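A quick write-up on the structure given underneath.
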Amino acid sequence: MKNHENCSQFWDILSLIGDKWVVATIGILSDGPQRYNEIKRQIGDVSQRMLTRTLRRLENRGLITRRILNTIPIGVEYKLTPIGRTLVKPLDSLFEWAIKNADKIESITKEEE
Numbered sequence: 069m070k071n072h073e074n075c076s077q078f079w080d081i082l083s084l085i086g087d088k089w090v091v092a093t094i095g096i097l098s099d100g101p102q103r104y105n106e107i108k109r110q111i112g113d114v115s116q117r118m119l120t121r122t123l124r125r126l127e128n129r130g131l132i133t134r135r136i137l138n139t140i141p142i143g144v145e146y147k148l149t150p151i152g153r154t155l156v157k158p159l160d161s162l163f164e165w166a167i168k169n170a171d172k173i174e175s176i177t178k179e180e181e
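Quick note: to get the numbering used here, add 68 to the position in the sequence shown (first position is 1).
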């Protein structure tokens, strides 16, 4: 937040990684390449439309790659790009911070209500 010239870039990225499906997808792909149905199964309650939209969004931003597999039926595999891999550690840190502070934040929120 030191350089105000880059604020719009920061907010743009924050809006991307603030999406729960984006975070879940990056977390799943941090373990290695995954097929579409594997990602969907691991996330659980995401709709096909939302997962497809999320994967396209990540691919358009250069955070994942999509590879068509020469299988029957044809499969699609997704993988984090090198720049996408750089997001894993910050997201892990944010996750740890959220778990560590969730009770404190919840109690403060209840006090304010």
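All C-beta atoms in this analysis are idealised placements derived from N, C-alpha and C, irrespective of residue type, glycine included.
Here the structure is a predicted model, which means the values were calculated and not measured.
Local conformation of residue i per DSSP, three classes
i, result
"T93", "helix"
"G152", "helix"
"I85", "helix"
"S76", "helix"
"S98", "coil"
"D160", "helix"
"D113", "coil"
"I173", "helix"
Identity of the residue in the options nearest residue i by Cα
i, options, result
"I85", "N169, Y104, G112 and T154", "T154"
"S83", "I107, L148, E164 and R129", "R129"
"L119", "R135, P141, V91 and T139", "V91"
"L162", "G95, I107, Q77 and D80", "G95"
"L131", "K147, R117 and R121", "K147"
"T139", "R103, I176, C75 and Q77", "R103"
"I81", "I151, I111 and N105", "I151"
"I111", "T122, W89, R121 and R124", "W89"
Residues near residue i in its chain [Cβ-Cβ closer than 6 Å; skip 5 each side]
i, result
"L137", "G143 and E145"
Cross-strand partners of residue i (DSSP beta bridge)
i, result
"E145", "R103 and R135"
Alpha helix (DSSP H) segment containing residue i, residue limits
i, result
"R117", "Q116 to N128"
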